[in-house]
Amino acid sequence: MKKTILAITFAFLLGIYFVSFVSGVSQEFPVSPPPMTEGMFPCSSCHASMEVNRKKRELKDEHPDIKLHHAETMRWCLDCHDARNRDKLRLYNGEVINFTEGYRLCGECHGNVYKAWRAGIHGKRTGYFAGPGKRTYFLCAHCHDPHEPKFKPIKPEPPPLRPTEPENAR
Amino acid sequence: MRDKNYTRREFIRNLSLTAIAGMSIPLLSACSKEEVEDFLQKHFLEMTEEEKKRLIAKLEERYQQKYGKKFQISMKEAQQDTLWGYGLELSRCIGCRRCVYACVKENNQSRYKRQLHWIRVLQLKRGNLINLENSEHYYNPDTVPEKGYIYLPVQCQQCQNPPCVKVCPVHATWQEPDGIVVVDYNWCVGCRYCIAACPYKGRVFNWGEPNIPPEELNTSVHYLGNRPRMKCAVEKCTFCIQRVRSGRYPACVEACPTGTRKFGNLLDPKSEIRYIIENKRVFRLKEDLNTDSKFYYFFEG
């Protein structure tokens, strides 16, 4: 009798341990709020009443300023944005996630960068890394525009003055 | 009457010694009390707590008079079990120089006559990393990054085996327990031997009185770090000693727009810099000189 109870308890605990993997729960990260365009979120304020058009097309009536330059030959809007609930993002297997967890979506294709970001070595860092303050993680979208992620070249700051230039010389 | 042979040599010797001793009295009395106090200041590492406090008060008073602003000079010591390390991802540096000017603002460097930069960004042709002598640091294109080039920022590498500390004749520069090589600007005599010894051109010299626009002064300073310097003092990157000893990132790390720069405690096994050293192919500059630098450069895919 004792042995069966022990066996059942053990199996129960083992089950709980494996269930946590199945639901795909990953570590939570303390991220700052996602950088939404003003007035856009929540998207369901417009989209809840609109019918879903799954045809791949170029958007002309609304959202004309969003140009997709990110694997646009293979995907379009509704591959990442959930069709039924526009306040959420959609993973490859159909699972629906919040914008605050957007890194999981980006991490599906950019796995090595995701791994580096989780370790804390990818991306911009500010604030405190130890001591009294807190370390903030930035979401992917804080630096990379998800629709046009390639960084544009910027103007560099001025070069150092040469020692003989009048502003530098005595 | 002579007891022994009092020679001409002895007479001249006695006369010159008296003259020299006699001259020093008006010389010292011509200096103000402050200047005498400065001259007789003890070495920073030998000062007691009391003396350090008095030194801070004296300096704060002087800065108030000179710049008209209230400075907070900290003398915070190194924390236990810390050794600061720096990581630089060269595949992401675009050569924008935002780090250079963030450093200038944070550390009260002279802006003109002379302009001093602690960080120098080198532009190298892709595939030519080894030839640092062929680098260009006066580049000024319209936009960066330019195609076919990589950018390599260099600053004081805070070597664990620093040649500059070895050659200083007055011990004005030394290495703190947390790895930062510091300069006591009051003690430095300006011989510039350390600048000659540094293989990375990490140090710069104040040839004249530094010129800083008063509205751009940073008033939270550290005695060994970013307090306003004077003529004839050598200065260099201190890993923003006023920031890292409270757990904040250095100014260059925060300014970088592409996330190239990484910083952390080498003795903390969970820090970012340790992860980089363990997982990426890191290298250091001029390893053959055995300076044991703290800057770990690496390329990502």
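Chains as they are written, first to last, in the numbering used here: chain S, 1 to 170; chain X, 1001 to 1301. C-beta: ideal position from N, C-alpha, C; glycine also. If you're wondering where the values come from, they're calculated on a predicted model, not measured in any experiment.
Asked	Found
Three-state secondary structure (DSSP) of Tyr1249(X)	coil
Continuous alpha helix (DSSP H) assignments of at least 4 residues falling wholly in the stretch 88-165 of chain S	103-109, 111-119, 140-143
Validate contact between the stretch 1234-1245 of chain X and the stretch 1148-1165 of chain X using beta carbons, cut 8 Å, 3 pairs	yes
Selected residue, minimal CA-CA separation from Asn1108(X), among Arg1203(X), Gly1202(X), Ile1212(X)	Ile1212(X)
Nearest residue (CA-CA) to Pro33(S), options Cys140(S), Ala71(S), His147(S), Pro149(S)	Cys140(S)
Chain X within 8 Å of Glu157(S), Cβ atoms only	yes
Chain S contacts from the stretch 1117-1135 of chain X (Cβ-Cβ distance under 8 Å)	His1117, Arg1120
Three-state secondary structure (DSSP) of Phe1071(X)	coil
Proximal residues to Glu1209(X) (C-beta, below 6 Å), its chain only, five neighbours per side dropped	Lys1231
Proximity test, Cβ basis, 8 Å: Pro153(S) and chain X	yes
Partner residues on chain S for Cys1096(X), Cβ-Cβ distance less than 7 Å	Ile154, Pro156, Glu157
Residue burial classification, Asn1128(X) (beta-carbon count within 10 angstroms, cutoff 16)	exposed
Distance, Val1104(X) Cα to Arg1111(X) Cα	8 Å
Classification of Ile1150(X) by the beta-carbon crowding that lies within 10 angstroms, buried from 16 upward	buried
Start and end residues, beta strand (DSSP E) containing Asn1265(X)	1261-1265
Anticipated Cβ contact below 8 Å, Ile1273(X) with Phe1283(X), distance rounded	In fact, because the Cβ distance is near 14 Å, the residues do not count as touching under 8 Å.
Beta-carbon spacing of Ala119(S), Tyr1249(X) below 8 Å	no
Alpha carbon of Lys60(S) to alpha carbon of Leu105(S), nearest angstrom	26 Å
4-residue-minimum alpha helix (DSSP H) runs that sit fully inside the stretch 1205-1247 of chain X, ordered along the chain	1241-1244
Rounded separation between Val22(S) and Tyr1223(X) - CA only	Residue placement at Val22(S) is flagged as unreliable, the pLDDT there being 45, under the threshold of 50; the coordinate-derived value follows with that caveat. Computed Cα separation, rounded: 56 Å.
Distance CB(Cys43(S))-CB(Asp79(S)) smaller than 8 Å	no
Counted within 10 angstroms of its Cβ, other Cβ atoms place Arg162(S) as buried (16 or more) or exposed	exposed
Coil, strand or helix - Leu1129(X) by DSSP	coil
Buried or exposed by the 16-neighbour rule on C-beta atoms within 10 Å, applied to Tyr1200(X)	buried
Inter-stretch contact at 8 Å, needing at least 3 Cβ pairs: the stretch 1188-1196 of chain X / the stretch 1043-1061 of chain X	no
Cβ neighbours of Gly1148(X) in the same chain (closer than 8 Å, five flanking residues each side left out)	Lys1125, Arg1126
Chain X within 8 Å of Pro35(S), Cβ atoms only	no
Val1183(X) burial status per 10 Å Cβ neighbour count (16 or more: buried)	buried
Candidates Glu1035(X), Ser1220(X), Glu1089(X): closest to Cys1256(X) by CA position	Glu1089(X)
Burial state of His69(S) (16 or more Cβ within 10 Å)	exposed
Neighbour flag for Asn168(S) against chain X, beta carbons, 8 Å	yes
Limits of the beta strand (DSSP E) - the one that Ile1150(X) falls within	1149-1154
Gly120(S): contacting residues in chain X (beta-carbon distance under 8 Å)	Glu1272, Tyr1275
Within chain X, the residues that Lys2(S) reaches when beta carbons sit closer than 7 Å	The premise fails here: Lys2(S) is roughly 43 Å from chain X at the closest Cβ pair, so nothing lies under 7 Å.
Span of the beta strand (DSSP E) around Phe1295(X)	1295-1298
Per-residue DSSP class, three states only, for His63(S)	coil
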